[in-house]
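Here's the structure we're looking at; comments come further down.
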Amino acid sequence: EVNLCVNHTGEDDIEVISKWDSKESYDTYLQWREDTGVLAELPERLAKEPVFRFLEVAEIY
21 EVNLCVNHTG
31 EDDIEVISKW
41 DSKESYDTYL
51 QWREDTGVLA
61 ELPERLAKEP
71 VFRFLEVAEI
81 Y
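Position one of the sequence shown corresponds to residue 21 (the working numbering), numbered consecutively onward.
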């Protein structure tokens, strides 16, 4: 599942949120994207450099 979230304050910020089984799975996917050249193309398509983060869900309400 991938969620695309838009900032409604008028800025050009978006968040792409995806859920992974583990940090290792995420790292493997990100490395594959880097190896295929997709990550190198991102800055050409975006207004600023992307930021990649891995967050752990602490609570679900």
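Virtual Cβ for every residue (Gly too), placed ideally from N, Cα, C.
If you check the CB distance, L50 and I34 do not come in under 8 Å.
Between the beta-carbon of P63 and that of E54 there is about 13 Å, and that puts the pair past the 8 Å contact cut. Within the same chain, K39 come within 6 Å of E21 by CB-CB distance, once the 5 residues on both sides are set aside. In the three-state DSSP reduction, E69 falls in the coil class, being neither helix nor strand. The alpha-carbon separation between S45 and E76 amounts to approximately 14 Å.
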